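Numbering (our numbering), first residue to last: 209 to 533. Even for Gly, the Cβ is constructed at its ideal location relative to N, Cα and C. The structure presented is a predicted model; accordingly, all values stated were derived computationally and were not measured. Written below as structure tokens is the structure these notes are about.
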Amino acid sequence: MAFELLEIEGEQELTKRKDSYIGGHYQPHSAVTLFQGDRLQLLEEIPDKTARLIVTSPPYNIGKKYEKRLGFDEYLKLQRDTLTECARILAANGSLCWQVGNHIGKDGEVFPLDIFIYGICKELGLKLRNRIVWCFEHGLHCRKRLSGRYETILWFTKSDNYIFNLDAIRVPQKYPGKKYFKGEKAGQYSCNPLGKNPGDLWTIPNVKHNHVEKTIHPCQFPIELVERLVLALTNSGDLVVDPYIGAGSAACAAVLHGRRAAGADTAANYLNVAKERIKRALEGELRRRPLGRPIYQPSPGDRIAQRPAQLAPAKSIQAPLFATA
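Structural data, given as structure tokens:
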């Protein structure tokens, strides 16, 4: 079963239709475009000011199997080329969200990629609205530095008039029963009944090992992460572009909420995974972590949460009894 966008009472929605399909080249009314090839080739097919949201996680240039390790200056040039095209296709009220971590040099020196990306985007005239910290709590353990447990999403807009649907991404209040205790509003509830602003620190599990969304791709977006951005920064029928689409998480997040999607990858096996996931998303059969599900916390009574008696006592940081000068 394939899908297309239909105009219904002034709004667009994804609708099943047998003679429609996920296209390989960008067309103005395609529901989904999966382009096999270089991301610049896809971006060149997209007209100026067309994309409402560009969201991606580019390679970090750390030697992963799916990337070619480059000199750092050469890597930044490739990012500049990509961002230049992204700025061209971005709608006047659109947003660009660039999710990056750290580049680790051969000697172990850390280069925070968001610092360099920020400079490029400022040169292109984009305006930073938030530096979102994505905390994922689990990962590799480092021996010579603190283990990395977060990455960043730089959210830029093209203008001061941009889409931001805060109510679509509100989260439960910590104290929903809190009331004003004085003044004209004394006795009234002080919180927004729809929930609170989620803030710029997002704790969302990364896709590792037994994660329900795990595919053959070694470094994929959790769909929930992109869903927040799609809901907040686009409206129904808008185009969401991921220049490095990989396993298709950004496209899945888009079509799950009635948006169009376009993305590129050079690897046919990743695009095949993306295509299958998108089809399952459109048919309501995609296995994924639900948006807003609380982070799992083991019960103190769980065997796996108890420290085995044969292990040495766990170390803890002890505060000094007296302050020292």
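- Message: On the CB-based measure, 16 or more other CB atoms within 10 Å of its CB, does residue 479 come out buried or exposed?
- Response: With 16 or more other Cβ atoms within 10 Å, it is buried.
- Message: Please give me, in chain order, every unbroken run of the beta strand (DSSP E) with length at least 3 that falls completely inside the region 433-492.
- Response: Runs of beta strand (DSSP E) with 3 or more residues, each lying fully within the region 433-492, are found at 447-450, 468-473, listed in chain order.
- Task: List in chain order: all unbroken alpha helix (DSSP H) runs of 4+ residues lying wholly within the region 243-295.
- Result: Runs of the alpha helix (DSSP H) inside the region 243-295: 247-253.
- Task: Would you mind sorting residue 389 into buried or exposed? The rule is 16 or more other CB atoms within 10 Å of its CB.
- Result: Using a 10 angstroms sphere on the CB of residue 389, the tally of other CB atoms stays under 16, which defines it as exposed.
- Query: Which residue comes first and which comes last in the beta strand (DSSP E) that contains residue 362?
  - Reply: Element bounds for residue 362: 358-365.
- Message: Assuming residue 244 and residue 423 are in contact, meaning their beta carbons sit under 8 Å apart, how far apart are those beta carbons, in whole angstroms?
- Response: Residue 244 to residue 423, Cβ: 17 Å. No contact.
- Under 6 Å Cβ to Cβ from residue 306, same chain only, skipping five residues before and after it: list those, please. So the qualifying residues of the chain are 325, 362.
- Element boundaries [alpha helix (DSSP H), containing residue 324]: Element bounds for residue 324: 321-331.
- Task: Would you kindly check if the distance between the Cβ of residue 234 and the Cβ of residue 470 is under 8 Å?
- Result: In this structure, residue 234 lies closer than 8 Å to residue 470 by Cβ.
- Are the region 391-399 and the region 326-335 touching, with three or more C-beta to C-beta distances below 8 Å? In short, these stretches do not touch, since the Cβ pair count stays below three.
- Message: At the level of alpha carbons, what is the spacing between residue 488 and residue 504?
- Response: Distance from the CA of residue 488 to the CA of residue 504, rounded to the nearest whole angstrom, comes to 26 Å.
- Query: Given residue 380, which residues of its chain have a CB within under 6 Å of its CB, disregarding the five upstream and five downstream residues?
  - Reply: Taken in chain order, the residues that qualify are 403.
- Any chance the region 370-387 sits against the region 338-350, with 3 or more Cβ pairs inside 8 Å? At 8 Å Cβ cutoff, the stretches do not touch.
- Counting only the same chain and skipping the five closest in sequence on each side, list residues whose C-beta sits under 7 Å from that of residue 301. Counting only Cβ-Cβ distances below 7 Å, and skipping sequence neighbours, we find 367, 369, 370, 371.
- Message: Am I right that residue 448 and residue 442 are in contact with their C-beta atoms under 8 Å? What's the rounded C-beta distance?
- Response: Confirmed, Cβ separation roughly 6 Å.
- Item | When 454, 311, 506 are compared against residue 431, the one with the closest alpha-carbon | For residue 431, the nearest C-alpha among the options comes from 454.
- Going by the beta-carbon positions, is the gap between residue 292 and residue 247 smaller than 8 Å? In this structure, the beta-carbon distance from residue 292 to residue 247 does not fall below 8 Å.
- Return the Cβ separation of residue 267 and residue 452 in integer angstroms, given the expectation that the two are a contact with Cβ distance under 8 Å. The Cβ separation is near 7 Å, so the contact holds.
- Query: How would you call residue 428, buried or exposed, if buried means at least 16 neighbouring beta carbons within 10 angstroms?
  - Reply: It is buried - the Cβ of residue 428 has at least 16 other Cβ atoms within 10 Å.
- Message: Within 10 Å of its beta-carbon, does residue 322 have 16 or more other beta-carbons around it, so buried, or fewer, so exposed?
- Response: Burial of residue 322 is indicated by the presence of at least 16 other C-beta atoms within 10 angstroms of its C-beta.
- Message: Using DSSP's beta-bridge definition, name the partner residues of residue 387.
- Response: Within the DSSP secondary-structure output, residue 387 pairs in a beta bridge with 397.
- Does any residue of chain D bring its CB to less than 8 Å from the CB of residue 343? The structure shown contains no chain D, having only a single protein chain.
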